[in-house]
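Trainee: Those sequence lines, one after another, are chains B and V.
Residue 1 is where the first sequence starts when you use my numbering, and the numbers rise one by one after that.
Residue 1 is where the second sequence starts when you use my numbering, and the numbers rise one by one after that.
Even for Gly, the Cβ is constructed at its ideal location relative to N, Cα and C.
Take a look at this one; I'll ask things after.
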Amino acid sequence: MSKRVSNAVRYKNPLPIHPLELPELIIHNPVSWVYWTYCYITGCNTLQHKIHVDIVNNGIVHIEVRNQDDMKYLWENGFFGTGQLSRSEPTWYNHMQSRFQSEENGTADKKISLEQVTKFRRQQRTEFKKQRELVEAKLLNLRKKGELSPEEETRILEQEREKLRKFKDDQLALHLLKENRNDNLEEQERLLIQEAEVINENGEIRQLESLELMPVETLFLSFALDVLDVTPSDFIIKHCMDNSFDYTDELHKLLIQYSAYHHYRSHGWCVRSGIKFGSDYILYKRGPPFQHADFCVMVLDSNCSKPYTWYSTMARVCGGANKTLLLCYVERINSKEQILQYIRQGHISKAFNSFTVGEVIYKRWVPGKNRD
Amino acid sequence: MPVTINLICGAQEDGQTILSPLIFNIDDIKKLRDVGICGILSGTLPSAAQQNIFLSVPLKLMIEEAIWLYLNGLAEFKVLRGDTAHLVKEILDRDAHNIHVVAKERLERSFELQREYKREQHRLKLERLGIISPETSNKNTSDQSQNDKLLEASLFIETPTTSNLLNNLHLNHENGINDNLLHILVSQYSNWDNFLLFQALKDKGYVLAPGGRFGGKFIAYPGDPLRYHSHMVVRDALHYKDQPLDLLELAANARLGTAVKKIWVIGAPIPTNDKLESNNIPSKKDVSFYSVEWAGFG
Chain B
1 MSKRVSNAVR YKNPLPIHPL ELPELIIHNP VSWVYWTYCY ITGCNTLQHK IHVDIVNNGI
61 VHIEVRNQDD MKYLWENGFF GTGQLSRSEP TWYNHMQSRF QSEENGTADK KISLEQVTKF
121 RRQQRTEFKK QRELVEAKLL NLRKKGELSP EEETRILEQE REKLRKFKDD QLALHLLKEN
181 RNDNLEEQER LLIQEAEVIN ENGEIRQLES LELMPVETLF LSFALDVLDV TPSDFIIKHC
241 MDNSFDYTDE LHKLLIQYSA YHHYRSHGWC VRSGIKFGSD YILYKRGPPF QHADFCVMVL
301 DSNCSKPYTW YSTMARVCGG ANKTLLLCYV ERINSKEQIL QYIRQGHISK AFNSFTVGEV
361 IYKRWVPGKN RD
Chain V
1 MPVTINLICG AQEDGQTILS PLIFNIDDIK KLRDVGICGI LSGTLPSAAQ QNIFLSVPLK
61 LMIEEAIWLY LNGLAEFKVL RGDTAHLVKE ILDRDAHNIH VVAKERLERS FELQREYKRE
121 QHRLKLERLG IISPETSNKN TSDQSQNDKL LEASLFIETP TTSNLLNNLH LNHENGINDN
181 LLHILVSQYS NWDNFLLFQA LKDKGYVLAP GGRFGGKFIA YPGDPLRYHS HMVVRDALHY
241 KDQPLDLLEL AANARLGTAV KKIWVIGAPI PTNDKLESNN IPSKKDVSFY SVEWAGFG
């Protein structure tokens with residue numbers, strides 16, 4: 001990407017299937033009617049080629065998209081999958097490239113990846129904390145000696161606070177100056193070794209990253225949208241049931257998880273894994289680059305009842321991240337045998353229709369904070 | 001002198017008994033604080049029922065605290081009130097004969113005391129009336145049998161207003177009721193592994209409190225809670241060799257713990273190959289702990 005493309009343009013489409021683009025229909029020009037009709041009939045919004053997924057099943061199912069363009073396509077059209085070496089968007093290749101370029105040119109590249117920003121911020125925080133610890137230890141020492149009058153203590157405390165504040169400001173100023181050239185020698189060496197594996201004989205960077213899809217994403221992309229080169233029933237039977245026709249707990253879990261996933265996707269939410277917050281999903285209004293997620297979703301059986309600590313823990317974790325905890329209860333309305341039969345016959349939509357979804361918001365209510 | 005832990009019993013529909021260990025004596029509470037048992041004050045004033053920060057006696061103990069105190073000989077149990085029929089029944093099943101003997105002995109003794117007293121009174125009365133002289137008074141009189149019948153008829157049987165069985169039984173019965181209460185405490189409230197965690201942390205000098213606020217079983221303070229912030233949130237005992245740990249739970253708790261500057265701790269007794277041991281309640285076992293922290297935060 002030479003020029004920065006605005007997010008609104010880059011993420012124009014919320015799903016990997018786009019609406020048909022029909023030519024303009026001019027009422028008083030019959031030729032345009034014919035052309036419009038032709039386009040309408042022949043127009044097709046299925047993909048040119050189905051996206052290939054590699055499924056590795058060694059006890060744990062890994063679903064990977066390895067084609068560079070497909071990875072980008074799935075990310076840009078609905079934020080599907082996670083880059084295995086990146087935070088979420090598969091940007092590892094780009095980082096490597098920009099880093100190599102900046103090293104070659106010897107000039108500080110203005111473009112820093114999000115991961116680098118985070119890393120730098122964390123380093124700063126650790127340094128700041130170390131300084132703060134020193135100050136606290138010093139105060140404690142003085143207090144232990146007992147030769148500290150209250151006035152003197154406040155004076156020293158104020159002095160040290162001022163120092164810390166200055167330290168923080170300096171940090172920020174330095175950050176603006178030196179950007180990311182703060183690595184020491186040891187770090188450099190370690191990186192060199194890593195980089196040796198990354199570069200091929202021609203001196204080009206090897207793409208080591210692939211896009212990993214969650215099982216529910218795979219199901220959605222094959223069942224609801226039909227853009228992957230696997231069929232949903234194949235996927236379920238081969239990889240989630242190991243070819244045995246039992247209604248196992250794992251199968252049940254997949255079915256209710258998918259029901260919830262499909263439910264939110266079809267209501268326009270961008271659904272991504274909520275593992276960071278200890279929940280099943282997090283819901284974005286549009287997607288990760290636009291704003292923070294608003295909701296954490298826990299998918300539960302309709303008759304599920306957990307100990308109170310569980311609810312309070314979840315609510316606290318979500319509350320701490322400024323999200324709302326959504327308990328999504330999925331109820332099975334057909335018998336297990338019936339559902340198994342649907343899957344065996346390939347009536348996947350009937351199998352998923354055997355579930356209904358209802359949700360409850362769980363919120364910690366604080367009388368002092370909820371007056372407005 | 002052991003402190004007294006009062007147990008309030010409440011029967012549930014499914015036949016289980018709930019026991020709440022409470023302490024009312026302020027001196028006892030002070031004593032317990034010195035050994036690192038803090039409990040939670042739970043009494044409110046009737047005139048200010050809404051206030052919930054400055055609470056008063058009774059001090060409510062965690063079950064583990066009650067068990068620990070009892071096993072270390074620092075406390076004894078006393079059933080305060082509540083539906084005790086369930087408790088009594090178990091004791092009766094086991095100790096009916098002994099209880100009968102004790103009750104009978106006690107009654108006989110009371111009769112004997114009454115008889116002695118009445119004979120003495122009778123003798124004094126006769127002396128006062130001049131019917132018998134003080135010298136002969138100690139000798140048996142001829143109508144002894146007649147008098148005895150009257151005497152027996154006049155003896156009282158006391159109907160107690162409180163249960164001797166529950167209040168005093170343990171004195172005669174080698175702490176039978178205390179052990180029984182301990183048994184109920186262990187089996188219905190907590191599991192023994194949690195107690196072993198409690199004990200192990202207590203031995204290391206930590207003060208423990210209920211950890212519901214932070215999503216754990218206990219929170220552990222390095223000393224008195226008034227002096228320190230807690231350092232750890234301890235999860236229910238988990239046999240990590242064969243019990244699974246939910247990944248979402250791991251993520252959520254590590255996140256919560258780190259956000260409140262605590263370490264999330266998983267612990268369990270080290271499994272032994274000794275199968276026989278599991279039948280008895282093991283008193284002391286080695287416990288191992290693991291801690292989980294969220295590495296990149298902030």
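Put V:Lys275 into one of helix, strand or coil per three-state DSSP.
Mentor: Legend: pLDDT at V:Lys275 = 47, less than 50; position of this residue unreliable, value from coordinates given subsequently. Coil.
Trainee: How would you label B:Thr42, buried or exposed, when you count the other beta carbons within 10 angstroms and need 16 or more for buried?
Mentor: Counting Cβ neighbours within 10 Å, B:Thr42 comes out exposed, since fewer than 16 surround it.
Trainee: From which residue to which residue does the beta strand (DSSP E) around V:Ile263 run?
Mentor: Per DSSP, V:Ile263 belongs to the beta strand (DSSP E) from Ile263 to Pro269.
Trainee: Less than 9 angstroms separating the beta-carbons of V:Leu185 and V:Lys217?
Mentor: Cβ atoms of V:Leu185 and V:Lys217: not closer than 9 angstroms.
Trainee: Quick one, which of V:Val57, V:Tyr290, V:Arg115 and V:Ile29 has its alpha-carbon nearest V:Ser42's?
Mentor: For the residues V:Val57, V:Tyr290, V:Arg115 and V:Ile29, the minimum Cα distance to V:Ser42 belongs to V:Val57.
Trainee: To the nearest angstrom, how far is it from the Cα of B:Ile282 to the Cα of B:His262?
Mentor: Cα to Cα, B:Ile282 sits roughly 13 angstroms from B:His262.
Trainee: Specify whether the segment 229 to 243 of chain B and the segment 46 to 53 of chain B touch according to this definition: at least 3 beta carbon pairs, one from each stretch, less than 8 angstroms apart.
Mentor: Yes, they touch.
Trainee: Does any residue of chain V bring its CB to less than 9 angstroms from the CB of B:Gly278?
Mentor: With 9 angstroms as the cut-off, B:Gly278 counts as an interface residue toward chain V.
Trainee: Whose Cβ in chain V lies nearer than 8 angstroms to the Cβ of B:Met314?
Mentor: Simply Ala252.
Trainee: Quick one: list the residues of chain V neighbouring B:Val317, beta-carbon separation under 7 angstroms, in chain order.
Mentor: What B:Val317 touches in chain V: Ala252, Arg255 and Leu256.
Trainee: Write down the C-beta distance between B:Cys296 and B:Phe79 rounded to the nearest angstrom, noting that I regard them as a contact closer than 8 angstroms.
Mentor: That belief does not hold up - the Cβ atoms of B:Cys296 and B:Phe79 are roughly 17 angstroms apart, past 8 angstroms.
Trainee: Are the CB atoms of B:Ile156 and B:Leu140 nearer to each other than 9 angstroms?
Mentor: No.
Trainee: Are the CB atoms of B:Ser312 and V:Arg213 nearer to each other than 9 angstroms?
Mentor: Closer than 9 angstroms, so yes.
Trainee: Opposite V:Tyr206 in the DSSP bridges: which residues?
Mentor: Paired residues: none, contrary to the question.
Trainee: Can you name, in chain order, every residue of its own chain whose Cβ lies under 6 angstroms from the Cβ of V:Asn98, other than the five neighbours on each side?
Mentor: If we look at V:Asn98 and ignore the five residues flanking it on each side, it has no Cβ neighbours.
Trainee: Under 9 angstroms, Cβ to Cβ, is there at least one residue of chain B near V:Glu293?
Mentor: With 9 angstroms as the cut-off, V:Glu293 does not count as an interface residue toward chain B.
Trainee: Out of curiosity, what's the CA-to-CA distance linking B:Lys129 and V:Cys38?
Mentor: Near 32 angstroms, if we compare the C-alpha coordinates of V:Cys38 and B:Lys129.
Trainee: Using three-state DSSP, classify V:Gly223 as helix, strand or coil.
Mentor: It is coil, neither helix nor strand.
Trainee: Is there a Cβ of chain B sitting closer than 9 angstroms to that of V:Gly267, yes or no?
Mentor: No - not a single Cβ of chain B is within 9 angstroms of the one on V:Gly267.
Trainee: According to the Cβ coordinates, are B:Arg332 and B:Leu221 closer than 9 angstroms?
Mentor: Contact flag unset, no.
Trainee: Assuming V:Pro58 is part of the beta strand (DSSP E), what are its boundary residues?
Mentor: Ser56 to Lys60 is the span of the beta strand (DSSP E), which, as asked, contains V:Pro58.
Trainee: Report the residue from V:Lys78, V:Leu113 and V:Thr44 whose alpha carbon sits nearest the alpha carbon of V:Cys9.
Mentor: Among V:Lys78, V:Leu113 and V:Thr44, the Cα nearest to that of V:Cys9 belongs to V:Lys78.
Trainee: When you compare the segment 22 to 35 of chain V with the segment 362 to 371 of chain B, are there three or more beta-carbon pairs, one atom per stretch, that lie closer than 8 angstroms?
Mentor: Short answer: they don't touch.
Trainee: Would you check if the distance between the CB atom of V:Ile263 and the CB atom of V:Ser291 is smaller than 9 angstroms?
Mentor: The answer is yes: Cβ separation under 9 angstroms.
Trainee: Please report the residue range of the beta strand (DSSP E) in which B:Asn353 lies.
Mentor: Looking at the DSSP string, B:Asn353 is not in any beta strand (DSSP E); the run it does join, the alpha helix (DSSP H), is Ile348 to Asn353.
Trainee: Tell me whether the beta-carbon of B:Trp92 lies closer than 9 angstroms to the beta-carbon of B:Ser86.
Mentor: Result yes, Cβ atoms of B:Trp92 and B:Ser86 sit closer than 9 angstroms.
Trainee: Check each residue of the segment 235 to 249 of chain V: if its Cβ is closer than 8 angstroms to any Cβ of chain B, include it; give the result in chain order.
Mentor: Those would be Leu247, Leu248 and Glu249, in chain order.
Trainee: Shortest alpha-carbon distance to B:Glu250 belongs to which of B:Thr37, B:His18 and B:Gly59?
Mentor: The shortest Cα separation from B:Glu250 among B:Thr37, B:His18 and B:Gly59 belongs to B:Gly59.
Trainee: For B:Ala351 and B:Glu337, what's the separation of their Cα atoms in angstroms?
Mentor: Near 11 angstroms, if we compare the C-alpha coordinates of B:Glu337 and B:Ala351.
Trainee: Do you know whose CA, among B:Gln291, B:Leu213 and B:Val360, lies nearest B:Gln84's CA?
Mentor: Closest option to B:Gln84, Cα to Cα, is B:Leu213.
Trainee: Taking Cβ positions, are V:Lys245 and B:Ile275 nearer each other than 9 angstroms?
Mentor: The identity of residue 245 of chain V in the sequence shown is Leu, whereas the question assumes Lys. No, the Cβ-Cβ distance between V:Leu245 and B:Ile275 is not below 9 angstroms.
Trainee: Contact defined as beta carbons within less than 8 angstroms: I believe B:Pro23 pairs with B:Tyr35. What is the distance between those atoms, to the nearest angstrom?
Mentor: The pair is a contact, with the Cβ atoms about 6 angstroms apart (cut-off 8 angstroms).
Trainee: Just verifying my parser: in three-state terms, what is the DSSP assignment at B:Glu21?
Mentor: Reduced to three states, the DSSP call for B:Glu21 is coil.
Trainee: Is the CB of B:Tyr82 under 9 angstroms away from at least one CB in chain V?
Mentor: For clarity, residue 82 of chain B is Thr in the given sequence; the question names Tyr instead. False, the Cβ-Cβ gap to chain V never drops below 9 angstroms.
Trainee: Listing by chain order, which chain V residues have their CB less than 7 angstroms from the CB of B:Thr309?
Mentor: Neighbours of B:Thr309 on chain V, chain order: Gly212 and Gly215.
Trainee: Would you give the residue range spanned by the alpha helix (DSSP H) that B:Met214 belongs to?
Mentor: It is not in any alpha helix (DSSP H) - B:Met214 carries neither H nor E in the DSSP assignment.
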